[in-house]
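Chemist: Take a look at the following structure, please.
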Amino acid sequence: MAIKVLIVDDALFMRTMMKDILMSGEIEVVGEASNGKEALEKYRELSPDLVTMDILMPVKSGIDAVRDIMAINRKARIIVCSIMGQESLVKEAIQAGAKDFITKPFNKEKVLDVIHKVMSS
Amino acid sequence: MDIEKYKALFLSEAREYVKNMNSVILSLEKDTQNRDLLDSLFRHVHSLKGMAASMNYIEIQELTHRLESYMDSFRQGKKVLDENTIDLLLRGVDSLSALIEAVGYPQRKITAVSTDTTSHGETATLRVRASLLDELVDSVGELLIIRSRLESLQRPYPDPEAEEAMNALDRQVRLFHSKVLSLRLAPLSTIADKYPRALRDLARKKGKQVDFSIEGGGVDLDRRILEELDTPILHLLRNSVDHGIEPTKERLAANKEKTGKVALKARRERDHVIIEVSDDGAGMDLEALKAKALALGILSPEKASSLSREDALLLACLPGVSTAKVVSESSGRGVGMDVVKDKVEALGGHLTLASSPGQGTCVSLTLPVSVSIVSVLLVTLPPHHDRPKVDAGKGESSPVFGLPLSRVEIVLKEKEAKSYACNGDKHILYNGEIVPLQDLSALLGLSTDNIPPSQNSRIVVCDVRGKRKALRVGQHISHLTTYLRPLKSPLNKIIGLFGTTLLGDGRLIFILDPQGLFP
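Quick mapping for you: the protein sequence lines, in order, are chains S and U.
So the first sequence is numbered by our numbering: it starts at 1 and just counts up by one.
So the second sequence is numbered by our numbering: it starts at 1001 and just counts up by one.
Here's what the structure looks like:
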């Protein structure tokens, strides 16, 4: 069965790019959210296998959303997306429970690689 | 990965971010300590950086990165935002915008966005090519014309089933029409979002303190009307900042608040949208307006003394009349009000002015929500002894004209309306008001001698720039919802004509514009 992913990013552009990468890797995108609050709602509703989570977003940040999701499912698999130079935020997200991280610009092979690695752990 | 296919998406979203950055910076200017605003600005810049990196746009990536670093010192509280740093941030965003446009296609015209709800309860939007919407409206217009043609062909052969089918067709066409029209609507904010920045820059340049507010940015108008209104509204706003709001010293001397207020307000009233541009500046100088109009020879001394306050203000809308003492680039050298008025009237709207010395000026534009489809009243010319047979092919029938229903208040029977002469001009008494009466033939330049009072003649009371005017016509035939075919050059230069349409029997008729008809 295909892996079900929820994509969280405030930029439609980044979500579209991520969606195309995942679909090319035969991963199912079950939903999208544009901020941390929406991410939590969608997570509850859709119970995805994995979440890709942007960090800086309006309303609620990605780090807060990681904490919230981990609070409802401590086995949740979340990968944070960051830009070079955000190491301290990535570290904070990992401490909050994120399993791994990917950096923008997305590299297709790298993204799929990290997802499969996290899924098999 | 083929990144070129993401270019259009990048551009539309990047432009959106730039727009938001501008508006956040302008809010920050008023509230420099607001941490939420600063964070929000940082996020916009940061998101754009991620997008630019993905597209491999090195310059945009570099500039967003620098803007982020520049903002860091304010976010850490090491430095405080002031006028100059705000200026620098705005200039940075301008450069970003220029870089974005440099990679992109030319800015598109306003695109209507249709919104719908998917099965997941999400709001789905779809961008639609603007010209496709125009084509759809044309198609609906042609459908309306074909429908009325079918109806008139069928009339001599009454058949209940055909009639039922005709009614069903009618309902569907109307439904289709209203849906297509709603697709073409876009909120005023589509054009208004860039005004705060433009006015802020102008105020800075003029050394004035101006507080600009927008109310009713969500009010919808037809996309075409919005496009046409963009320049006129910006012109009125610039006028307010440039000529309306006094220099700070003058304001203080006049016991007014240091910061001048300029406002753009929009609201929907039935089929119309009212847009107001107001300021609390010096107001317009009526005497100076009159003097200028006299000097230009477009106003006679007798008329000048009898002119109402409202009409005197409208002198500002005549070509060449402006009270601006200094010719300035920002408001187009004093020309402009005439252009604004013409544009608004060409769109089927009207302009009114209110101004009081020392208190400010308010320009009010009343516009139809959409233009292409109109409901018209079909009337004939008043009866006449030796009316030339204009419509030779149709034998006895008198030429038919359309009057937009939005301009018509009531249709009266001539024999029931009290008409009398006053100072040589004809008037009727309607609702306790003396309303000037004109003959349609006379307004169209046809002879009106010896017109016999007629059993069938009607008087149409019209709304002309907020005032009642009565129009004597022949028969009131019916009314019709039809597609307005705009006139092309040179016919569009004729004042008093709105456009044309086809009747069910194939006759082409003119739709008149009462505002242009009445002198």
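For each residue, glycine too, the CB sits at the ideal point set by N, CA and C.
All values derive from a computational prediction rather than experimental measurement.
Can you say whether residue 1309 of chain U is buried or exposed, counting buried as having 16 or more other CB atoms within 10 angstroms of its CB?
Modeler: exposed
Chemist: Which residues of chain S have a Cβ atom closer than 8 Å to the Cβ of residue 1043 of chain U, listed in chain order?
Modeler: 10, 56, 57 and 58
Chemist: For chain U, check one thing: does any of its Cβ atoms lie closer than 8 Å to the Cβ of residue 16 of chain S?
Modeler: yes
Chemist: Per DSSP, what are the beta-bridge partners of residue 52 of chain S in this structure?
Modeler: Here residue 52 of chain S is bridged, per DSSP, to S:7 and S:79.
Chemist: What separation, rounded to the nearest whole angstrom, lies between the Cα atoms of residue 1418 of chain U and residue 1162 of chain U?
Modeler: Distance between the alpha carbons of residue 1418 of chain U and residue 1162 of chain U is about 44 Å.
Chemist: In whole angstroms, give me the CA-to-CA distance for residue 1425 of chain U and residue 1437 of chain U.
Modeler: 8 Å
Chemist: Do residue 1363 of chain U and residue 1464 of chain U have their C-beta atoms within less than 8 Å of each other?
Modeler: Contact check for residue 1363 of chain U against residue 1464 of chain U fails: the beta carbons are separated by 8 Å or more.
Chemist: Pick helix, strand or coil for residue 1098 of chain U, following the three-state DSSP scheme.
Modeler: helix
Chemist: Can you confirm whether residue 1114 of chain U, when its beta carbon is compared against all beta carbons of chain S, has any partner nearer than 8 Å?
Modeler: Residue placement at residue 1114 of chain U is flagged as unreliable, the pLDDT there being 48, under the threshold of 50; a coordinate-derived value is accordingly withheld.
Chemist: Closer than 8 Å is the cut-off here; do at least three beta carbon pairs connect the stretch 1053-1061 of chain U with the stretch 1018-1038 of chain U?
Modeler: no
Chemist: Thinking residue 108 of chain S and residue 27 of chain S are a contact (beta carbons under 8 Å), I'd like their distance in whole angstroms, please.
Modeler: The C-beta distance from residue 108 of chain S to residue 27 of chain S rounds to 12 Å, too long to meet the 8 Å contact threshold.
Chemist: Would residue 105 of chain S pass as an interface residue toward chain U - the criterion being a Cβ-Cβ separation below 8 Å?
Modeler: yes
Chemist: Once the 5 residues before and after residue 1353 of chain U are set aside, which same chain residues still bring their CB inside 8 Å of it?
Modeler: 1284, 1310, 1313, 1314, 1316, 1317, 1361, 1362, 1363 and 1364
Chemist: Which word fits residue 1122 of chain U, buried or exposed, when buried means at least 16 other C-beta atoms lie within 10 angstroms of its C-beta?
Modeler: For residue 1122 of chain U, the predicted model reports a pLDDT of 47, less than 50, meaning its position is unreliable and no value from the coordinates is stated.
Chemist: If you draw a straight line from the alpha carbon of residue 1378 of chain U to that of residue 1483 of chain U, how long is it in whole angstroms?
Modeler: 14 Å
Chemist: Tell whether a beta-carbon distance below 8 Å holds between residue 1474 of chain U and residue 1405 of chain U.
Modeler: no
Chemist: Out of U:1191, U:1208 and U:1134, state which residue places its alpha-carbon closest to the alpha-carbon of residue 1182 of chain U.
Modeler: U:1134
Chemist: For residue 1017 of chain U, which three-state DSSP category applies?
Modeler: Helix.
Chemist: Assuming residue 111 of chain S is part of the alpha helix (DSSP H), what are its boundary residues?
Modeler: 108-120
Chemist: Should residue 1517 of chain U and residue 1443 of chain U be called a contact, given that it needs their Cβ atoms to be closer than 8 Å?
Modeler: yes
Chemist: Please list the partners that residue 1049 of chain U has in chain S, where partner means a Cβ-to-Cβ separation under 7 Å.
Modeler: 83
Chemist: Are the CB atoms of residue 1291 of chain U and residue 1219 of chain U within a distance shorter than 8 Å?
Modeler: no
Chemist: Is residue 1040 of chain U close to chain S? Criterion is C-beta to C-beta, closer than 8 Å.
Modeler: yes
Chemist: What did DSSP end up calling residue 1195 of chain U once you bin it into helix, strand or coil?
Modeler: In the three-state DSSP reduction, residue 1195 of chain U falls in the helix class (H, G or I).
Chemist: Which of the three DSSP states, helix, strand or coil, is assigned to residue 1430 of chain U?
Modeler: Strand.
Chemist: For residue 1401 of chain U, which beta-bridge partners are listed by DSSP?
Modeler: U:1379 and U:1510
Chemist: Might you give, ordered along the chain, the residues of its own chain that have their beta carbon closer than 8 Å to the beta carbon of residue 1024 of chain U, omitting 5 neighbours on each side?
Modeler: 1037, 1040, 1041 and 1044
Chemist: Does residue 101 of chain S get closer than 8 Å to chain U when you measure Cβ to Cβ?
Modeler: no
Chemist: At 8 Å on the CB atoms, spell out the chain S contacts of residue 1013 of chain U, in chain order.
Modeler: Within 8 Å Cβ-Cβ: 11, 12 and 13.
Chemist: First and last residue of the alpha helix (DSSP H) that includes residue 980 of chain U?
Modeler: Since the first residue shown for chain U is 1001 and the last is 1519, residue 980 of chain U is missing from the structure and cannot be characterised.
Chemist: Between residue 1541 of chain U and chain S, is there a C-beta pair that is closer than 8 Å?
Modeler: An answer regarding residue 1541 of chain U cannot be provided, because it is not within the stretch 1001 to 1519 covered by chain U.
Chemist: Listed from N- to C-terminal order along the chain, which residues in the stretch 1071-1102 of chain U have their beta-carbon within a distance smaller than 9 Å of any beta-carbon of chain S?
Modeler: From the stretch 1071-1102 of chain U, no residue has a Cβ closer than 9 Å to chain S.
Chemist: Between the alpha carbons of residue 1128 of chain U and residue 1104 of chain U, how many angstroms are there, rounded?
Modeler: 19 Å
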